[in-house]
Structure formats: structure tokens, C-alpha cells
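Working notes for the structure below.
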Amino acid sequence: MAAGSAATAITDPRRGDMVAAMGEVTAITPILTKIRDRMMKDVEGKKLLELKPRISESTINRDKLRTMERGTFGREYVRYRETHDFTHTILKMKPNMIGEVTVKFFEGIQLGLPMCVSAGIFGAARLGPK
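Each residue of the sequence shown is one higher than the last, beginning at 0 in numbering that gives the first Met the number 0.
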């Protein structure tokens with residue numbers, strides 16, 4: 000499944016379902032356990048794990064989230080969504096293929112998630128010799 004979703008995500012990066020599938024099947028247990036344990040130590044993180052709410056673009060009011068207190072999940076979530084663009088800026092990477100590959104490698108090193116490293120590797124393979 001990892002190879003199939005990776006191949007599809009590489010050949011058609013617009014297939015968000017395959018990008019997500021790759022992330023899900025490559026996230027190994029120790030990393031997921033570490034993330035869960037960190038969430039369980041936080042009041043809001045624990046509540047999220049218990050309630051398991053469905054979240055989509057249609058259920059998120061980003062403007063309202065930006066007004067929440069610093070440190071709350073909502074404020075931190077909307078801030079996290081912005082960090083991808085910040086990473087591009089910090090690394091001086093344009094939002095093109097080589098920029099995305101560089102950002103994915105950076106995120107892989109910072110977060111330790113195999114999906115990010117895999118996206119960097121497979122994305123780099125798409126670049127070809129130049």
C-alpha cells in the first residue's frame with residue numbers, strides 16, 4: 000500500500016487521498032505513540048483523542064481561530080497551517096517542485112515523520128537530472 004500510494008502521489012500530486020494514504024501507512028508505531036502520549040498530557044489534546052471530531056475546511060472558521068488565546072488548540076492549529084508557508088520563506092524556497100521537496104526534507108528532519116522524508120525522496124526522484 001505504501002508503494003502504491005507513493006507512486007500515485009508522485010505521478011499525480013493532486014491526489015490528496017494518495018498523499019494522505021502514504022502518510023498513514025508510513026507513520027510507524029513509535030512515532031505515533033510519541034505523538035499520542037504528548038497529546039494525552041495536554042487537556043485539549045486528550046479531549047480531542049476522546050471525542051475524535053470530524054474536521055474539514057467547511058467546519059473550520061480560521062478567522063475565529065486566530066482570535067483565540069495563545070496556547071489553545073484552535074489558535075495553534077491555524078498557526079500550524081500557516082507554518083508551511085513560513086518554512087518556504089525561512090528556507091527561501093519558492094512554491095514549486097524543488098521548493099516543496101526541500102520543505103518536505105526539512106519537515107522530515109524536524110518532525111521525524113516518515114511521510115515527510117518519503118515525500119522528499121520521491122519528490123526528488125520526480126525532478127530528474129538537470
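Cβ atoms here follow ideal geometry from the backbone N, Cα and C, with glycine treated the same way.
By the beta-carbon neighbour count (other beta carbons within 10 angstroms, threshold 16), Thr101 is buried.
Lys103 places its beta carbon less than 8 Å from that of Gly122. Here DSSP, grouped into helix, strand and coil, assigns Leu47 to helix. From the listed residues Cys115, Arg74, Thr32, Gly119, the smallest Cα separation to Ile97 is found for Gly119.
Listed in chain order, the beta strand (DSSP E) runs fully inside the stretch 53-85 amount to none, counting runs of at least 3 residues.
Straight-line measurement puts the Cα of Arg65 at about 19 Å from the Cα of Thr86. The three-state reading of DSSP puts Pro94 in coil, since its state is none of H, G, I, E or B. Per DSSP, the continuous alpha helix (DSSP H) segment holding Asp36 begins and ends at 28-39. Contact annotation: Leu48 and Arg37 have beta-carbon atoms that are not nearer than 8 Å. Close CB contacts of Leu126 within its chain, under the 8 Å cut and outside five residues either way in sequence, are with Met96, Ile97, Val100 (chain order).
Counted as a single uninterrupted DSSP element, the alpha helix (DSSP H) harbouring Arg125 occupies residues 113-126.
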